[in-house]
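The structure under discussion appears below in the form of structure tokens.
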Amino acid sequence: MYYKAAVNTPFNRSILTYESELELKKGDLVYAPLGKRKEKACILEVDASEELDKSKIKKITEKYELDGFLIPEELSYLQWVSKYYHYPLGQLIFDILPKPLKRPRNVEFLEGTESGREFILTSDQQTVWESVEPKLNGFDKLLIHGVTGSGKSIVYLKAIQEKINEGSVLYLLPEINLTPQFINFFKEHLKIKIFTYNSTVSNSEKLSLWNILKEGHENVLIIGVRSSVFLPIKNLSLVIVDEEHDSSFKQDDRCPYNARDIAIKKAHQYDVPIILGSATPSIETFYKYKSTDNYLPMRNRANKSELPNIKLISTRDDSNNNEIWPFIDETIKLIRERILKNEQVLIFVNRLGFASFVQCKSCGNEYHCPNCSTVLKYYKKRNSLQCQFCDYSEVFPEECDKCGNMKLLQMGYGTEKLEEVLRKIFPEVTMTRFDRDNVKTMTKLEEILNDFHAKKYQLLIGTQMLSKGHNFESVNCVVILGVDNQLNFPDFRSSERVYQLVTQVSGRSGRYSNEGEVIIQTMNPENELFEHIKNHSFDEFYEKELELRDICNFPPFTNLVIIHLTSKFQNIVTSESIKLKQFCESVAKHFSEVDIQGPRPAIIEKRANKFTWSLLLRSKNINDLHNLVSSIQDNLNWHYSISIKVDIDPQNIL
Numbered sequence: 027m028y029y030k031a032a033v034n035t036p037f038n039r040s041i042l043t044y045e046s047e048l049e050l051k052k053g054d055l056v057y058a059p060l061g062k063r064k065e066k067a068c069i070l071e072v073d074a075s076e077e078l079d080k081s082k083i084k085k086i087t088e089k090y091e092l093d094g095f096l097i098p099e100e101l102s103y104l105q106w107v108s109k110y111y112h113y114p115l116g117q118l119i120f121d122i123l124p125k126p127l128k129r130p131r132n133v134e135f136l137e138g139t140e141s142g143r144e145f146i147l148t149s150d151q152q153t154v155w156e157s158v159e160p161k162l163n164g165f166d167k168l169l170i171h172g173v174t175g176s177g178k179s180i181v182y183l184k185a186i187q188e189k190i191n192e193g194s195v196l197y198l199l200p201e202i203n204l205t206p207q208f209i210n211f212f213k214e215h216l217k218i219k220i221f222t223y224n225s226t227v228s229n230s231e232k233l234s235l236w237n238i239l240k241e242g243h244e245n246v247l248i249i250g251v252r253s254s255v256f257l258p259i260k261n262l263s264l265v266i267v268d269e270e271h272d273s274s275f276k277q278d279d280r281c282p283y284n285a286r287d288i289a290i291k292k293a294h295q296y297d298v299p300i301i302l303g304s305a306t307p308s309i310e311t312f313y314k315y316k317s318t319d320n321y322l323p324m325r326n327r328a329n330k331s332e333l334p335n336i337k338l339i340s341t342r343d344d345s346n347n348n349e350i351w352p353f354i355d356e357t358i359k360l361i362r363e364r365i366l367k368n369e370q371v372l373i374f375v376n377r378l379g380f381a382s383f384v385q386c387k388s389c390g391n392e393y394h395c396p397n398c399s400t401v402l403k404y405y406k407k408r409n410s411l412q413c414q415f416c417d418y419s420e421v422f423p424e425e426c427d428k429c430g431n432m433k434l435l436q437m438g439y440g441t442e443k444l445e446e447v448l449r450k451i452f453p454e455v456t457m458t459r460f461d462r463d464n465v466k467t468m469t470k471l472e473e474i475l476n477d478f479h480a481k482k483y484q485l486l487i488g489t490q491m492l493s494k495g496h497n498f499e500s501v502n503c504v505v506i507l508g509v510d511n512q513l514n515f516p517d518f519r520s521s522e523r524v525y526q527l528v529t530q531v532s533g534r535s536g537r538y539s540n541e542g543e544v545i546i547q548t549m550n551p552e553n554e555l556f557e558h559i560k561n562h563s564f565d566e567f568y569e570k571e572l573e574l575r576d577i578c579n580f581p582p583f584t585n586l587v588i589i590h591l592t593s594k595f596q597n598i599v600t601s602e603s604i605k606l607k608q609f610c611e612s613v614a615k616h617f618s619e620v621d622i623q624g625p626r627p628a629i630i631e632k633r634a635n636k637f638t639w640s641l642l643l644r645s646k647n648i649n650d651l652h653n654l655v656s657s658i659q660d661n662l663n664w665h666y667s668i669s670i671k672v673d674i675d676p677q678n679i680l
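Take this note's numbering: the final residue in the sequence shown is number 680, and no numbers are missing along the way.
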């Protein structure tokens, strides 16, 4: 018999033909000869083509250790993902499968207690639930657009309780740091097995979980990050995507899928409902749902507390105290007032480290990564300069290596700098950092969150890890720094991201009182965006942003594809990018209104000693874009050093 197989290789889009004396069926995992080695492969179909040159066909003689791990429904799903994102199917399959082990350890699960506690729904929650409940039979897409603290989780819980007797539920979160509180919440109210799936789960446990889910003998709740969308849940009954707007759902390396989007496809394939939720939905999602019956707003907080008061503080005044930089006198005064009330305060800046870069005061020399086209960031505790894109680091220099001057200026700031300044201002106050530099394990994450809930710390200084989902009872003040850099970033989504980030961070304040306050330090307090944030205007920002997107021909009114070319040779990547542009222009007449922009170097052109250039394709017709990408893949041959990455529906265009 002759078989088409998806092989773990980019060659020929991973689809190759083999023969075998084994009785093979669709979805079987095998070892397939590839050159002088054997590579993992998945059987797709019997190849009965009479055009086969049978003298060149190699033979499959051995099955892969994880044969049986792909259920038929999942293979069909993966074929769709592979086709949509133009990523080799064989590579996708073996990217997501766990690694085989001889003696896998059983996965640990949490058993819910089902305390029997009944929630008295708020009017908003009741209205939304009355809309959700009738739509839980079969495939349907729902968007819950609820302000921070509106109790979206209660609606999720009701939906899970309704569907868990029919099958397992997949609950997607954007980040691992949100997992503990949702586990505790659902464990308290559901008497079922709860599994987590994220980077802290060992490969052994993943193997055990895959075995449990593909058999489908019991109904469980899976709480996981984006990769959970590939779990083989045979008896799936419901999918929930919380914080659907979050960019963490988009994978950057390997197959650049968006877990939110392919979760919708998964729900459709299994004919089950999917609920999306966010206080700040993405512009694209808002546009799709706003005029439908499946758009479900929740405009009030669940415990009747008011949304926090937003206070903008201008940082233009040069007379501010340099001893407390980057804070302003007024900000410190407001923090002190909260401390004296024995309240807790969150300090947010979306940057790690002590200084953004180091510069010689005499000659202006800056310290750059030798492997990447970027400056090195200063970490004071480690006394080192480090690259944020590769592993390069060096000891902080005692003098400028260009002119010998000993005055090296530390420019910019991050969480480490804020902590040092605050410790000098408030030496008696307990504080810690909540960022990737200080929180490297799930144990440490839970320890800091538990200690903060227990009021062992009054100040918590953090990055985006703080921005969403967390429910802090004693926090009535949030301080936000560093948004100007993000607001001025040259990307059409910059305003949307700042709106989402500030709104989400602000939502941590005043969830249990009417004294919530948010302090935003900015050089541009007159920016219209801040007016929308101050007024907690649900729709005004979105309507304004949609108007701009329509004028500028950006999503959701058009579709985008970016093709990235990467090589260790700068001249090669440049010439190959020009060749790509010329090919696109030559075939553009066959596609309606495809706009071709570029090529141009990536915003960080050199990373880990490799150069990247990009071409952006734009069209109102997504099928034209897919066909153009397929034409590129079918007709262009590249220099041996070139690697190609196709990014469908990119989140970043620079």
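For each residue, glycine too, the CB sits at the ideal point set by N, CA and C.
Please read these numbers as outputs of a predicted model, since none were measured by experiment.
- For the pair Phe374 and Cys398, the CB atoms are not nearer than the 8 Å cut-off.
- Closest by C-alpha distance to Glu554, out of Tyr538, Asn540 and Val524, is Val524.
- When the five nearest sequence neighbours on each side are left out, the beta carbons in the same chain lying within less than 8 Å of the beta carbon of Arg537 are those of Thr174, Gly175, Arg327, Asn329, Ser331, Asn497, Phe498, Glu499 and Val501, in order along the chain.
- Taking 8 Å as the cut-off, the beta carbon of Leu527 is found no closer than this to the beta carbon of Ile679.
- Beta-bridge analysis with DSSP links Gly303 to Ile170 and Asp268.
- With a minimum length of 3 residues, the unbroken runs of beta strand (DSSP E) contained wholly in the region 191-241 fall at 194-198 and 219-223.
- The beta carbons of Ser234 and Ile202 sit about 20 Å from each other, so the pair does not count as a contact at 8 Å.
- Its Cα nearest to that of Ile218, the residue Ile249 stands out among Thr205, Glu231, Pro200 and Ile249.
- At the C-beta level, Phe460 and Gly488 come within 8 Å of one another.
- Secondary structure note for Cys386: its beta strand (DSSP E) is the uninterrupted segment Phe383 to Cys386.
- Under the three-state reduction of DSSP, Glu156 is assigned to helix.
- Annotation for Lys403: no alpha helix (DSSP H) segment contains it, though the beta strand (DSSP E) segment containing it runs Lys403 to Tyr405.
- Under the DSSP definition of a beta bridge, Val505 partners with Ile373 and Ile545.
- Of all alpha-carbon atoms in Lys314, Val227 and Asp660, the one lying nearest the alpha-carbon of Asn132 is that of Val227.
- In the structure shown, the three-state DSSP call for Val33 is strand.
- Shown here for Ser521: same chain residues with a beta carbon closer than 6 Å to its own, the five before and five after excluded, namely Leu555 in chain order.
- With 16 or more other Cβ atoms from the protein chains shown falling within 10 Å of its own Cβ, Ser263 counts as buried.
- Scanning Lys560, Lys84 and Phe583 for the CA closest to the CA of Arg63 turns up Lys84.
- Beta-bridge partners assigned by DSSP to Thr469: none are found.
- Ranked by Cα distance from Glu543, the first of Gly533, Glu552 and Ser640 is Gly533.
- Across the set Thr35, Ser657, Pro206 and Asn579, the C-alpha of Ser657 shows the shortest separation from the C-alpha of Ser612.
- Comparing alpha-carbon positions, the option among Ala185, Arg342, Asn376 and Lys232 lying closest to Ile266 turns out to be Ala185.
- Judged by DSSP in its simplified three-state form, Ala293 adopts helix.
- Distance from Phe145 to Leu123 at the Cβ level is roughly 39 Å; contact not present, criterion being Cβ atoms closer than 8 Å.
- The beta carbon of Gln207 lies closer than 8 Å to those of Leu475, Gly495, His496 and Asn497 in the same chain, with the five residues before and after it left out.
- Counting along the chain, Asn550 sits inside no beta strand (DSSP E), nor does DSSP assign it H or E at all.
- For Ala185, the uninterrupted alpha helix (DSSP H) run begins and ends at Lys178 to Lys189, by DSSP.
- The beta carbon of Ile209 sits closer than 7 Å to those of Leu136, Ile220, Thr222 and Ile249, all from its chain and outside the five residues before and after it, given in chain order.
- Assigned with DSSP and collapsed to three states, Glu65 falls in strand.
- DSSP, reduced to helix, strand and coil, places Pro581 outside both helices and strands of the structure shown, so it counts as coil.
- For the set Asp343, Tyr404 and Cys389, the Cα lying nearest the Cα of Asn550 is the one of Asp343.
- Bounds of any beta strand (DSSP E) do not take in Val447; it lies within the alpha helix (DSSP H) bounded by Thr441 to Ile451.
- The count of Cβ pairs closer than 8 Å, one atom from the region 163-170 and one from the region 288-306, reaches three, so the stretches are in contact.
- Rounded to the nearest angstrom, the Cβ distance from Leu641 to Ile589 is 5 Å, consistent with a contact under 8 Å.
- Taking 8 Å as the cut-off, the beta carbon of Asp576 is found no closer than this to the beta carbon of Phe567.
- Taking the Cα positions, Asn320 is about 8 Å away from Ser157.
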